[in-house]
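Colleague: Each residue of the sequence shown is one higher than the one before, counting from 1289 in our numbering.
Dropping a structure here in structure tokens format, bear with me for questions.
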Amino acid sequence: MKFSWAAATDTGLVRDHNEDAVWPDPGSGESDEPIVVAVADGMGGHAGGEIASRTAIDTASSVGGSPLVRVQAANLAVLDAAAHRPRLTGMGTTLTVVLIDPAGHAELAHVGDSRAYRFRKGALIRLTEDHSYVAEMMAAGRMTPQEAEVHPYRSVVTRAVGLEPTVEVDTFHVDLVPGDRLLLCTDGLSNMVDEQAVARILAADEGPASTAAALIEAANAAGGADNTTVVVVDAR
Ligand code: MN
């Protein structure tokens, strides 16, 4: 199996800098070898968010090993980058890492409220759970999806990379078959564009680069309130 991929990130229309990071670095390409894709959405004052997401992506993309090992290494790297730098104390990041082999076996490791989706035959399936306050409230039946969408705490995550020496990581695998698309995104997309609209964009017969650009454009057309980052991988 071959993969075509594209990655894109955008500051949006409201924020003055981009605290998201992505692997591969924005661009596009093809591969018939195992590929790693990842998104991170950083948080923390004094440039902490940018440093946390960049450190996490640099580590996760270079360290080798399973997605779980990569997320654990990123966790320690972010923690280490904050050590002895009081202004960066408390910085953290979401991190979603996927390793896909040419047989279509995709391994995922995930912390935070960025998301991974598989799009197959017109159906968009979310693969990840949000580790967020509103997701936990909804799971407990104490908040409706409509309330969550507009809740002032909708961006508050309950798990992040870089805060503690160990981090609880969700790991799982899915299989991709030719025709499938994999989407990774930060909450700048998922908070601005509903899943039906995302599915329509993925269903348009466009390559990964045009699709990634269209997703960013949709987030900005909806207000661009946050940084938006996407990775689209097509299995062929
Ligand atoms: Mn965000």
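For each residue, glycine too, the CB sits at the ideal point set by N, CA and C.
So if DSSP puts I1504 in a beta bridge, which residue, or which two residues, is it bridged to?
Modeller: None; I1504 has no bridge partner.
Colleague: Less than 8 Å between the CB atoms is what I'm expecting for L1396 and H1461, so what's the real figure, rounded?
Modeller: 7 Å
Colleague: Name the two residues that bound the continuous beta strand (DSSP E) containing E1318.
Modeller: G1315 to S1319
Colleague: Please write down, chain order preserved, every residue whose beta carbon lies under 6 Å from a heavy atom of ligand 2.
Modeller: Looking for ligand 2 in the displayed structure turns up nothing; the ligands present are ligand 1.
Colleague: With a cut-off of 8 Å on the beta carbons, I'd call Y1421 and T1384 a contact; round off their distance for me.
Modeller: Rounded, the Cβ-Cβ distance is 18 Å, inconsistent with contact.
Colleague: Could you compute how far the alpha carbon of A1507 sits from the alpha carbon of L1477?
Modeller: So the alpha carbons of these two residues sit roughly 5 Å apart.
Colleague: Within 8 Å, do at least three Cβ pairs link the segment 1491-1498 to the segment 1415-1435?
Modeller: no
Colleague: If you draw a straight line from the alpha carbon of L1412 to that of R1403, how long is it in whole angstroms?
Modeller: 12 Å
Colleague: Return helix, strand or coil for R1406, following the three-state DSSP convention.
Modeller: strand
Colleague: Does the pairing of the segment 1333-1348 with the segment 1294-1302 give three or more beta-carbon distances under 8 Å?
Modeller: no
Colleague: Does the beta-carbon distance from T1377 to A1369 come in below 8 Å?
Modeller: no
Colleague: Could you spell out where the alpha helix (DSSP H) holding S1350 opens and where it closes?
Modeller: G1336 to S1350
Colleague: Could you tell me the distance, in whole angstroms, from the CA atom of D1313 to the CA atom of W1293?
Modeller: 11 Å
Colleague: Using only the alpha-carbon positions, how far apart do R1524 and N1306 sit?
Modeller: The alpha-carbon atoms of R1524 and N1306 are separated by roughly 32 Å.
Colleague: I'd like the span of the beta strand (DSSP E) that includes G1511, first residue to last.
Modeller: G1511 -> no beta strand (DSSP E), and no H or E assigned at all.
Colleague: Identify which residue in A1362, G1353, S1354 and P1355 has its Cα closest to the Cα of I1339.
Modeller: A1362
Colleague: Does the Cβ-Cβ distance between V1449 and G1380 come in under 8 Å?
Modeller: yes
Colleague: Note down, in chain order, each residue of its chain lying with its Cβ closer than 7 Å to the Cβ of I1323, except the 5 sequence neighbours on either side.
Modeller: F1291, W1293 and I1388
Colleague: Got a sec? Which residues, its chain only, sit under 6 Å from E1285 by beta carbon, not counting five neighbours each side?
Modeller: The requested residue 1285 does not occur in the structure, where the chain is confined to residues 1289 to 1524.
Colleague: Could you give the first and the last residue of the continuous alpha helix (DSSP H) run that contains L1356?
Modeller: P1355 to A1370
Colleague: Taking C-alpha atoms, which residue in V1520, G1317 and T1382 lies nearest to D1308?
Modeller: T1382
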